[in-house]
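Numbering (the UniProt record's numbering), first residue to last: 1 to 480. Comments concern the structure below.
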Amino acid sequence: MAQLNGPTKSTDSTTTPPWTPSSWTSKPIKQDAIYEDRKSVEKSLSKLERLPPIVTPTEIEKLKASLRDVALGKAFLLQGGDCAELFDYCEENAIESKIKLLLQMSLVLIWGSNKPVVRIARMAGQYAKPRSSPTELVDGVETPSFRGDILNGFEVGERALDPARLVSAYFHSASTLNFIRGSIASGIADLHRPLDWGLGHVRDPELQTKYSNIVSSITDSLRFMRTVGADTAGQLQTVDLFTSHEGLLLEYEQRLTRLLRNPTKSLVSRASGTTAEDTKSYYNTSAHFLWVGDRTRQIDGAHIEYFRGIANPIGVKIGPTTSPSDLLALLRTLNPSVEVGKITLITRYGASKVRSLLPTHIKTVEGSEYARSVVWQCDPMHGNTRSTSTGIKTRQFTDILSELQETLAIHKEEGSYLGGVHLELTGEAVTECTGGSEGLNEDDLSLNYTSFCDPRLNEKQALELAFLIAGHYRGEEKQL
Ligand code: PEP
Ligand code: CO
Numbered sequence: 001m002a003q004l005n006g007p008t009k010s011t012d013s014t015t016t017p018p019w020t021p022s023s024w025t026s027k028p029i030k031q032d033a034i035y036e037d038r039k040s041v042e043k044s045l046s047k048l049e050r051l052p053p054i055v056t057p058t059e060i061e062k063l064k065a066s067l068r069d070v071a072l073g074k075a076f077l078l079q080g081g082d083c084a085e086l087f088d089y090c091e092e093n094a095i096e097s098k099i100k101l102l103l104q105m106s107l108v109l110i111w112g113s114n115k116p117v118v119r120i121a122r123m124a125g126q127y128a129k130p131r132s133s134p135t136e137l138v139d140g141v142e143t144p145s146f147r148g149d150i151l152n153g154f155e156v157g158e159r160a161l162d163p164a165r166l167v168s169a170y171f172h173s174a175s176t177l178n179f180i181r182g183s184i185a186s187g188i189a190d191l192h193r194p195l196d197w198g199l200g201h202v203r204d205p206e207l208q209t210k211y212s213n214i215v216s217s218i219t220d221s222l223r224f225m226r227t228v229g230a231d232t233a234g235q236l237q238t239v240d241l242f243t244s245h246e247g248l249l250l251e252y253e254q255r256l257t258r259l260l261r262n263p264t265k266s267l268v269s270r271a272s273g274t275t276a277e278d279t280k281s282y283y284n285t286s287a288h289f290l291w292v293g294d295r296t297r298q299i300d301g302a303h304i305e306y307f308r309g310i311a312n313p314i315g316v317k318i319g320p321t322t323s324p325s326d327l328l329a330l331l332r333t334l335n336p337s338v339e340v341g342k343i344t345l346i347t348r349y350g351a352s353k354v355r356s357l358l359p360t361h362i363k364t365v366e367g368s369e370y371a372r373s374v375v376w377q378c379d380p381m382h383g384n385t386r387s388t389s390t391g392i393k394t395r396q397f398t399d400i401l402s403e404l405q406e407t408l409a410i411h412k413e414e415g416s417y418l419g420g421v422h423l424e425l426t427g428e429a430v431t432e433c434t435g436g437s438e439g440l441n442e443d444d445l446s447l448n449y450t451s452f453c454d455p456r457l458n459e460k461q462a463l464e465l466a467f468l469i470a471g472h473y474r475g476e477e478k479q480l
């Protein structure tokens, strides 16, 4: 492997050792995967190394440019998908319903915020899960925890780590993305087609009227655009949809990391006469966007070491255990050149803690050289997970809404911009989170609880959240 520094090399080379795609291996690592059959792991890894990129630098740089707009307050970011994507979700209906839901939500958000919406799916690779405990009790027997389909299976007999899953993850990602690309190219996002808003479930008549009014307003706007011929460039027919996952399993991520021509640097270099090598950057080609989880963002740890060298836009989960000094240290390590939009801070405190923690984090960042350079994104899911009296993991819609509402209010008070939301959702009618306009309660959870990890918003709850955010931007704060 070439001993080139990563694209985010510090100007002070005495303090920052050189980065390589494998330099993370010299650092302490959390959530490590220890396989019994190392030989098979190496075989899988060399296979991965030969396989072509799943996404390209041109697409990655396009997303980075869009995220720059989000950081500057000119666009909004919608990111969503399953907590743990399963290989089984690589199936026509599951993929299609999630794309449709994200598109529909983004339409509502465009209408509400009057800004373009950047869409990132937690899809086509969200296969590795950090766990609080390496084992769990299944029928009273201590069993290795399910760590995501890239590592082991959910069935009790499949809990041993299986090296063949590394390659399987690549092919499931590639097939999922292939179908997403095909669907979009074939017009799944074509707004000339009527959309099914399905508001029949909304029980409260006042809410029903409010949501119906939003839908009418969106439908009228679309009709107007078509009538006046505002769609000459075909913008109503297609959209961008980017992919993302948590960059947890570094052995996998390393093998999909490639030194490739950077389309933005190449443009600059043509004018300044630099060498071809200077115009290359290390890209993680397994997804457009990767994030570091709350459990693996130690400043001197393996994950941050890996992330500091890739040219992709990246996310960092920030929560109650993030100190202001760690927050700044993370930004300085991951983005020493203060690239606008490079880092998305995904905040997840919980409804009861956000008020006491977020203002300090905002002041820390916005009072530093990173002011106006980050995307602030609210993840109202991960600080609000709880168990019912019968031990079912759930989240209440009101808690999710409350964290989002507080986050919006705090950013307004601090003069910063809440650039986006990060949600766990599915296009299916699951019953995993309580509340929402369908009025799901704890007794309903068992009706269709299919998540093998965290509880997701179902399609109605997710769309409702989009309506509420849109309403907020349209000046209906009191209702959010
Ligand atoms: C997740 O996004 O599924 C996750 C595990 O989040 P966090 O790292 O914030 O706990
Ligand atoms: Co989760």
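Backbone N, C-alpha and C define an ideal beta-carbon position, used for all residues, glycine too.
Using only the alpha-carbon positions, how far apart do residue i and residue j sit?
i	j	result
A160	F179	30 Å
V354	E61	32 Å
V338	L331	8 Å
K115	K27	42 Å
G112	L357	28 Å
T243	T388	33 Å
A276	Y252	28 Å
S46	F171	15 Å
L195	S217	13 Å
S325	T407	21 Å
P163	Y35	7 Å
S212	N441	24 Å
G125	V55	12 Å
S173	P205	42 Å
F467	S133	37 Å
K412	L191	33 Å
T404	D37	The amino acid at residue 404 is misidentified as Thr; the sequence shows Leu. Their backbone Cα atoms lie some 45 Å apart in a straight line.
K342	A33	28 Å
V430	T15	50 Å
L77	V421	6 Å
N335	S221	40 Å
G153	R147	8 Å
F307	Q377	19 Å
E136	E158	14 Å
For residue i versus residue j, is the C-beta distance shorter than 7 Å?
i	j	result
P313	K64	yes
G319	Y349	yes
residue 503	E59	Limits of the chain in this structure are 1 at one end and 480 at the other, which puts residue 503 out of reach.
S373	A185	no
A121	L241	yes
P53	T285	yes
V108	S437	no
P57	L260	yes
residue 517	A351	Within the shown structure, residues of the chain are numbered from 1 to 480, placing residue 517 beyond reach of any answer.
T344	V375	yes
G145	R165	In the sequence on display, residue 145 carries Ser and not Gly. In this structure, R165 does not lie closer than 7 Å to S145 by Cβ.
L418	T364	no
I150	L290	no
I310	Y282	yes
I346	D300	no
T434	Q396	yes
D294	K317	yes
I362	S416	yes
E85	Y127	yes
Does DSSP classify residue i as helix, strand or coil?
i	result
F452	coil
G81	strand
W111	helix
L259	strand
residue 503	The requested residue 503 is not part of the displayed model; the chain covers only 1 to 480.
V400	A quick correction: the sequence has Ile, not Val, at residue 400. In this structure, I400 counts as helix in the three-state DSSP scheme.
N93	helix
T243	strand
T58	helix
W19	coil
T279	helix
T434	strand
Q479	Note that Q479 has pLDDT 49, beneath the 50 cutoff, so the model's placement of it is unreliable and the number below is only indicative. Helix at Q479.
V228	coil
G315	strand
I218	helix
L51	coil
A419	Going by the sequence as given, residue 419 is Gly instead of Ala. In the structure shown, G419 sits in a strand (DSSP, three-state: E or B).
N213	helix
R223	helix
I120	strand
L408	helix
Three or more C-beta pairs below 8 Å linking the region 448 to 464 and the region 417 to 428: yes
Whole runs of the alpha helix (DSSP H) within the region 136 to 206, excluding any shorter than 4 residues: 164 to 185
Completely contained beta strand (DSSP E) runs for the region 338 to 393, where each covers 3 or more residues: 343 to 347, 375 to 378
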